[in-house]
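Protein chains: 2
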Amino acid sequence: MKELPKISEAEWEVMKILWSRSPQTANEVIEALEGQMDWKPKTVRTLISRLLQKNAIAFQETGRTYLYYPLVSQDDYVQTETQSFLKRLYGGAVKPLLVHFLREQKLSSDEISELKRILDQKTEEGTDCERRKDR
Amino acid sequence: MKELPKISEAEWEVMKILWSRSPQTANEVIEALEGQMDWKPKTVRTLISRLLQKNAIAFQETGRTYLYYPLVSQDDYVQTETQSFLKRLYGGAVKPLLVHFLREQKLSSDEISELKRILDQKTEEGTDCERRKDR
DNA sequence: TCATTTGGATTACTGATGTAATCCTTTATT
DNA sequence: AATAAAGGATTACATCAGTAATCCAAATGA
Chain P
1 MKELPKISEA EWEVMKILWS RSPQTANEVI EALEGQMDWK PKTVRTLISR
51 LLQKNAIAFQ ETGRTYLYYP LVSQDDYVQT ETQSFLKRLY GGAVKPLLVH
101 FLREQKLSSD EISELKRILD QKTEEGTDCE RRKDR
Chain E
136 MKELPKISEA EWEVMKILWS RSPQTANEVI EALEGQMDWK PKTVRTLISR
186 LLQKNAIAFQ ETGRTYLYYP LVSQDDYVQT ETQSFLKRLY GGAVKPLLVH
236 FLREQKLSSD EISELKRILD QKTEEGTDCE RRKDR
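These protein sequence lines are chains P and E, in that order. Be aware that the first sequence starts at 1, since it is given in the numbering used here, and climbs by one per residue. Be aware that the second sequence starts at 136, since it is given in the numbering used here, and climbs by one per residue.
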């Protein structure tokens, strides 16, 4: 697996725009962020530059302007970030987090049903996992 | 709710030590981190100082040395961090994260059972949540 | 053609973070 | 008593992140 570039919080906002639609010009990104982030256009351009340097995005030239697009998928990114977040806060153990969330969060009954369904599936497919370890 | 101080990753390691046992002297913390973090003693002291400034920890003087202890609970902290993490990566929606994790993660069948149990509890107690909104 | 606007490139500045070293004072050692 | 060791306080310095402003070349308008 390749190294994913580290994306800062501010940069993340830009990525979200590009993930939602791409390619886009700098100005389109700037507009998309307007009213949402209270950033000066120049600020957004800086973020775009930094994302370029980090190889998180790239561009195709069209005339005198560039069309930017992401080089990393949001999914990969979320996955990786979540992994390291978990490691940091929960020592890598997923279950405590899940327990925590299932307990604390307001979930509609529909959502609860869906989660249960997923768990049921896992019961079928995955019961042999890790069994071997008990010798 | 009070403002929790922002704790950096390196500082977090120190906090973990103090959460696991407190109060402790700087040297005890330094020892506890040895072999684990490859930091010079002075580095750890810097982190301790910064945590003091941020009011994340405090100390009682005993003779010429200090005994440090946390001022914020790990639970509060984890809760807050998780909230903002979710907000950042999943737009605040918990369910996508839960789905993601339930799907991706290796969970033992015991864990799965426990999670199901929690969901069952929630089904009973919480079905009226948010119902009002549909007018 | 000359001035203006515009897009991208470069430079700027502040605060946080990682990673220490140096300084100063008090206590322990010779 | 003079010196060394030790603990905390202060200072250091590079990099990253947030937040822009300035510079420069090409396109546009007068």
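Glycine included, each C-beta is placed from N, C-alpha and C at the ideal position. Since this is a predicted model, take the numbers as computed values, not measurements.
1. The alpha helix (DSSP H) with P/T46 in it runs from where to where?
2. Rounded to a whole number of angstroms, what is the C-alpha to C-alpha distance between P/V78 and E/T200?
3. Are the beta-carbon atoms belonging to E/L233 and P/F101 less than 8 Å from one another?
4. Nearest-angstrom Cα distance between P/K95 and E/Q218?
5. Using DSSP with H/G/I as helix, E/B as strand and the rest coil, what is E/P140?
6. In angstroms, rounded to a whole number, what distance separates the CA positions of E/K268 and P/S108?
7. Would a C-beta distance cut-off of 8 Å place P/Y69 and P/A26 closer than the cut-off?
8. Nearest CA to the CA of E/P158: which residue from E/I142, E/K251, E/F194 and E/R180?
9. Under the three-state reduction of DSSP, which class applies to P/P23: helix, strand or coil?
10. Considering only the alpha carbon of each residue, which of P/E13, P/D120, P/D110 and P/Y90 lies closest to P/E34?
11. Who are the neighbours of E/T215 on chain P, taking C-beta pairs under 7 Å?
12. Which residue comes first and which comes last in the beta strand (DSSP E) that contains E/Q195?
13. Count the other CB atoms within 10 Å of the CB of P/V122; is the residue buried (16 or more) or exposed (fewer)?
14. Using DSSP bridges, identify the partner residues of E/Y204.
15. What number of angstroms, rounded off, separates the C-alpha of P/D110 from the C-alpha of E/D255?
On the basis of the coordinates in this document:
1. P41 to Q53
2. 44 Å
3. yes
4. 17 Å
5. coil
6. Since pLDDT at E/K268 reaches only 38, below the 50 mark, its modelled position is unreliable, and the value read off the structure follows with that caveat. The alpha-carbon atoms of E/K268 and P/S108 are separated by roughly 12 Å.
7. no
8. E/F194
9. coil
10. P/E13
11. Residues of chain P passing the Cβ test: none, with the nearest at roughly 10 Å.
12. I192 to T197
13. Here residue 122 of chain P is Lys; the residue named in the question, Val, does not match the sequence. Buried: at least 16 other Cβ atoms inside 10 Å.
14. E/A193
15. 13 Å
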